[in-house]
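First up is the structure itself, then whatever we jot down about it.
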Ligand code: SF4
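See below:
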């Protein structure tokens, strides 16, 4: 699975110059993960990440080229949760190094299983609202959580732990960005990731292989390996 490699390389390059902190994954330093989503009232919030109309972005990319995601780590670009004083722009990007999963159908199913984590981690005092349509993520952070020492390191560890429960996941890089110009651009990247994932679903649905009349042509023209995947799949049928 190398369809997202260009996006992963590009993202890694862009964050390299603005990284403020990195931490290796530490399973013993997770923030408490609840059974289900909790409601944090506005009156109890310290601030919202991606709130007050600030830009936000959320996307997940997988690759079998594990050199691109060499280890489990958490990266922060911008201020940490204890340093923020109000609503800011926000992005969470997840890069997953995965096993060679098999054919396209198996890969697609595996991607969906990995994406499940995106919506099913519920850190205490950290209410996540993801919009799959706009690829944005808003997080309401409770004042009590800030006073108890919530941090991106701990939240990141909680996410990495959840991803590593999937046996196909070899390495996880979680990138948090707060109050960065790059976040607007990353929202466009997130839309591109959605386009690729949607194109993959359509290809697996077995639609006709007439590129000249296909609505997905712009995506397939840009993403290396997409056309080969569809045409190769057609031959196998
Ligand atoms: S390979 Fe051609 S037909 Fe298949 S999805 Fe891409 S553009 Fe459409």
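Numbering (my numbering), first residue to last: 2 to 238. C-beta atoms are modelled at their ideal positions from N, C-alpha and C, and glycine is treated no differently. Keep in mind it's a predicted model, so treat the numbers as computed, not measured.
Span separating the alpha-carbon of residue i from that of residue j
i	j	result
residue 228	residue 146	48 Å
residue 69	residue 37	32 Å
residue 223	residue 46	42 Å
residue 83	residue 163	24 Å
residue 188	residue 117	20 Å
residue 218	residue 225	12 Å
residue 192	residue 56	14 Å
residue 153	residue 109	29 Å
residue 165	residue 171	7 Å
residue 44	residue 53	15 Å
residue 21	residue 144	24 Å
residue 237	residue 167	Note that residue 237 scores a pLDDT of 49, beneath 50, so its modelled location is shaky and nothing firm can be said.
residue 210	residue 232	7 Å
residue 178	residue 149	22 Å
residue 27	residue 96	17 Å
residue 120	residue 138	10 Å
residue 14	residue 212	32 Å
residue 186	residue 16	12 Å
Pair within 8 Å by beta-carbon distance, residue i and residue j
i	j	result
residue 30	residue 158	yes
residue 176	residue 78	yes
residue 190	residue 75	no
residue 64	residue 101	no
residue 128	residue 35	no
residue 142	residue 161	no
residue 50	residue 140	yes
residue 156	residue 126	no
residue 98	residue 67	yes
residue 197	residue 58	no
residue 180	residue 72	no
residue 208	residue 230	no
residue 194	residue 60	yes
residue 1	residue 4	One cannot answer for residue 1 here, as it falls past the ends of the chain, which runs 2 to 238.
residue 124	residue 32	yes
Continuous alpha helix (DSSP H) stretch holding residue i: start and end
i	result
residue 198	183 to 205
residue 25	Segment 22 to 25 is the beta strand (DSSP E) holding residue 25; no alpha helix (DSSP H) there.
residue 145	144 to 149
residue 158	153 to 164
Where the beta strand (DSSP E) containing residue i begins and where it ends
i	result
residue 47	46 to 50
residue 13	No beta strand (DSSP E) contains residue 13, which is instead part of the alpha helix (DSSP H) from 6 to 17.
residue 221	Not the beta strand (DSSP E): residue 221 falls in the alpha helix (DSSP H), residues 218 to 223.
residue 215	Premise fails: residue 215 is in no beta strand (DSSP E) and is neither H nor E.
residue 63	57 to 64
residue 92	91 to 99
- [ ] Please write down, chain order preserved, every residue whose beta carbon lies under 5 Å from a heavy atom of the ligand ADP.
- [x] In terms of ligand content, the structure shown lacks the ligand ADP and carries the ligand SF4 instead.
TODO: State whether the segment 104 to 113 contacts the segment 131 to 138, with contact taken as three or more CB pairs (one from each stretch) at a distance under 8 Å.
DONE: no
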